[in-house]
Amino acid sequence: MSDIEYKVPLHTAIVSKTDLSGMITYANDAFIAISGFSREELIGKPHNIVRHPDMPAAAFADLWATVEQNKPWRGIVKNRTKDGGFYWVQATIVPIRKAGKVVGYMSVRYAASDEQIEQAARLYAQPGAKLPKQGGLKRLLSIKSGYIAGSLFVIALLITGGILGIGTIQHSTEQINKADGQYLRKLDVISQLEIDATRAQSAPIALRQAGIARLGSRYAANPHTPADIRDRLKGLDALNNAARLAHSSALDASLENQLQVLVQLAEQNRLQILRQSAQEVGRINQRNEQIVDISLLGIITGIITVVAFGLVFMRQIVRPLDSAIENFEKIAEGDLTGDVPLDGAGETGHLLRSSVIMQMHLKVVMDELNLLAGQIDTACLSLNTALFEISDHSEVQHDKLEEAKSFMSLDFIYELSNQLTMLDELLADKEVAPQVADCIASITNLNRLQTFALEDFLDKIDLILKLIVSNRQDTQEAYAMSAKLHEVAQTLNTLVNYFVPDGKKYNA
20 MSDIEYKVPL
30 HTAIVSKTDL
40 SGMITYANDA
50 FIAISGFSRE
60 ELIGKPHNIV
70 RHPDMPAAAF
80 ADLWATVEQN
90 KPWRGIVKNR
100 TKDGGFYWVQ
110 ATIVPIRKAG
120 KVVGYMSVRY
130 AASDEQIEQA
140 ARLYAQPGAK
150 LPKQGGLKRL
160 LSIKSGYIAG
170 SLFVIALLIT
180 GGILGIGTIQ
190 HSTEQINKAD
200 GQYLRKLDVI
210 SQLEIDATRA
220 QSAPIALRQA
230 GIARLGSRYA
240 ANPHTPADIR
250 DRLKGLDALN
260 NAARLAHSSA
270 LDASLENQLQ
280 VLVQLAEQNR
290 LQILRQSAQE
300 VGRINQRNEQ
310 IVDISLLGII
320 TGIITVVAFG
330 LVFMRQIVRP
340 LDSAIENFEK
350 IAEGDLTGDV
360 PLDGAGETGH
370 LLRSSVIMQM
380 HLKVVMDELN
390 LLAGQIDTAC
400 LSLNTALFEI
410 SDHSEVQHDK
420 LEEAKSFMSL
430 DFIYELSNQL
440 TMLDELLADK
450 EVAPQVADCI
460 ASITNLNRLQ
470 TFALEDFLDK
480 IDLILKLIVS
490 NRQDTQEAYA
500 MSAKLHEVAQ
510 TLNTLVNYFV
520 PDGKKYNA
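FYI, the numbering for the sequence shown is 20 to 527, going by my numbering.
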């Protein structure tokens, strides 16, 4: 390893694909250029061929744990080059699906910012570095779970409020009935006793003794009569019996005093019962106020909980949904540079991750279209060069054949044939050696054969000239096809450049 750092050009997409076991099945030109490996050295090799030893194992463990759940993974990665150097990228790994099944993975990498590199380098340098994980509660947040939780909370709140309300009414009723049973009847008995004792006290002696006897018979055994008054009535009844038998004025005066004490005691009990009743009513009111306070506290707690749940719902559901919508709008506008978060929860998180997967696939499609356009453009240039050379060679050959044809005219051969014929006629009337005649005949035959051969040769030259003219026309048509292919390449470039920021070019 070396300390040579290579900078990834801005907006350059480094793309690679692997099978499910991590073997590279595709590498784009940008990957080949930055890594230093050839395409042949990458295809079929494990992707960790570019893994830098500074990368902690926890990062790749988190990567595989995420993608094996068919979720995209994003992180800052330090890769190595063939010569031992390194380069930093922000990598997004997404699954490749075919017919509903994951058949491989695709990595799309862009240049990481200085801040991202600094944070990642500081984290990776820590012994046993671990990546932060998403909280369990956050993973449970979804529209469905939120609806269920909200419904259960409202139901629980209604049940609790109903129980508190009905329980308060029942408890108040019981307390009132108890107060009526314990205090009102006692108060009625004590008040009546006080009246009867006062009447007996003010009555003549003969009627007083009879009144005291009625007090004993009416109130001594009454369960609502206080115990101290019952004891007092028993003593008063015994004193009344003694006074009745003794006819003593002292006993009569004592009876009058005891009645006075009984009246005072009854008054004290009556006042005590009133105080106890008031205290009980106060306790009931205090308890009711506590229940009201608890109910208000429950209402306030419910409102706070609903508001807090709404804020969490807005943060974890609505905002990621807005982010997904914004990303889709950017894609519709041709902007594939959006950095969409992958930590959304529930259905919105799944929507965000799906939009990221679509975004990555579109980026790779654009990369392949850009590569194809470049290959077509290069092929058009090579084809044009070859066609130009063919056309130029055809023109030269055509001119040379025309020139040769002009030199090989049949006129002089025909003239030679005429001269030989005239010579043969002149010698026909004279006696000449047979050898001369035979020689002249041979020359004449050879001349005829040469004439036939030259005629055939000139016919073939004419045919070749026609083929050259035809090839020239085919070359012009090939030029036209090459021009159309160049227009297609330019159209593909225009289409690709639609999906990059203004003022930039794809992979520039």
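Using N, Cα and C, we set each Cβ at its ideal position, and we do this for glycine too.
If we ignore side chains and look at the alpha-carbon of each, how far apart do residue i and residue j end up?
i: R306; j: D312; result: 10 angstroms
i: N389; j: Y45; result: 15 angstroms
i: S273; j: N304; result: 46 angstroms
i: Q283; j: A175; result: 56 angstroms
i: A297; j: H243; result: 18 angstroms
i: L293; j: A232; result: 28 angstroms
i: K120; j: I23; result: 41 angstroms
i: L391; j: H505; result: 12 angstroms
i: F50; j: M74; result: 19 angstroms
i: Q291; j: S170; result: 52 angstroms
i: Q279; j: E299; result: 30 angstroms
i: I344; j: S501; result: 42 angstroms
i: I115; j: E387; result: 16 angstroms
i: P146; j: I310; result: 57 angstroms
i: I209; j: N288; result: 7 angstroms
i: A240; j: I182; result: 43 angstroms
i: Q492; j: I409; result: 12 angstroms
i: A84; j: V122; result: 16 angstroms
i: A118; j: S35; result: 21 angstroms
i: P223; j: L206; result: 28 angstroms
i: K64; j: R70; result: 12 angstroms
i: N403; j: N490; result: 15 angstroms
i: V325; j: K382; result: 42 angstroms
i: K479; j: F407; result: 26 angstroms
i: L61; j: T31; result: 19 angstroms
i: N259; j: S268; result: 12 angstroms
i: N98; j: I43; result: 15 angstroms
i: Q509; j: K503; result: 10 angstroms
i: V507; j: A52; result: 26 angstroms
i: E137; j: F328; result: 36 angstroms
i: I68; j: G41; result: 11 angstroms
If distances are taken between C-alpha atoms only, which option among the options comes closest to residue i?
i: G55; options: A272, N389 and K101; result: K101
i: E286; options: L258, A32, R302 and D247; result: D247
i: L82; options: Y124, M500 and A257; result: Y124
i: R128; options: E496, Q378 and L270; result: Q378
i: L340; options: S40, S374, K117 and V173; result: S374
i: S126; options: D38, S489 and S57; result: D38
i: L203; options: A262, A261 and Q295; result: Q295
i: N276; options: R93, Q220 and A77; result: Q220
i: L255; options: Q228, E414 and L264; result: Q228
i: A139; options: R93, A168 and I112; result: R93
i: D48; options: V488, D475 and Q394; result: Q394
i: A144; options: S342, E414 and A77; result: A77
i: G103; options: E87, I112, F79 and P72; result: P72
i: H380; options: S461, I112, L29 and A80; result: I112
Which residue or residues does DSSP assign as beta-bridge partners of residue i?
i: M42; result: P65
i: E24; result: F105
i: W92; result: I112
i: V121; result: R116
i: T37; result: I43 and Y124
i: K97; result: W107
i: R70; result: N98
i: Y129; result: Q109
Are there 16 or more other CB atoms within 10 angstroms of the CB of residue i, so buried, or fewer, so exposed?
i: H66; result: buried
i: I322; result: exposed
i: M20; result: exposed
i: A216; result: buried
i: P245; result: buried
i: I33; result: buried
i: G155; result: Bear in mind that a pLDDT of 47 at G155, under 50, signals an unreliable position, so the model cannot answer this.
i: R302; result: exposed
i: V27; result: buried
i: V96; result: buried
i: R58; result: exposed
i: G235; result: buried
i: A527; result: For A527, the pLDDT reaches just 46, beneath the cut-off of 50, and the residue's location in the model is therefore unreliable, although a value from the coordinates is still provided. A527 is exposed by the Cβ-count criterion.
i: G230; result: buried
i: L281; result: buried
i: N89; result: exposed
For chain B, is any of its Cβ atoms less than 8 angstroms away from the one on residue i?
i: K90; result: In the structure shown, chain B does not exist; there is a single protein chain.
Stretch-stretch touch, CB-based, cutoff 8 angstroms, three pairs: the stretch 316-324 with the stretch 248-259: Not touching, per the Cβ criterion.
Inter-stretch contact (C-beta, 8 angstroms, three-pair minimum) for the stretch 386-404 and the stretch 478-485: The answer is no - the stretch 478-485 does not touch the stretch 386-404, with fewer than three Cβ pairs under 8 angstroms.
Stretch-stretch touch, CB-based, cutoff 8 angstroms, three pairs: the stretch 105-112 with the stretch 126-146: A contact exists between the stretch 105-112 and the stretch 126-146.
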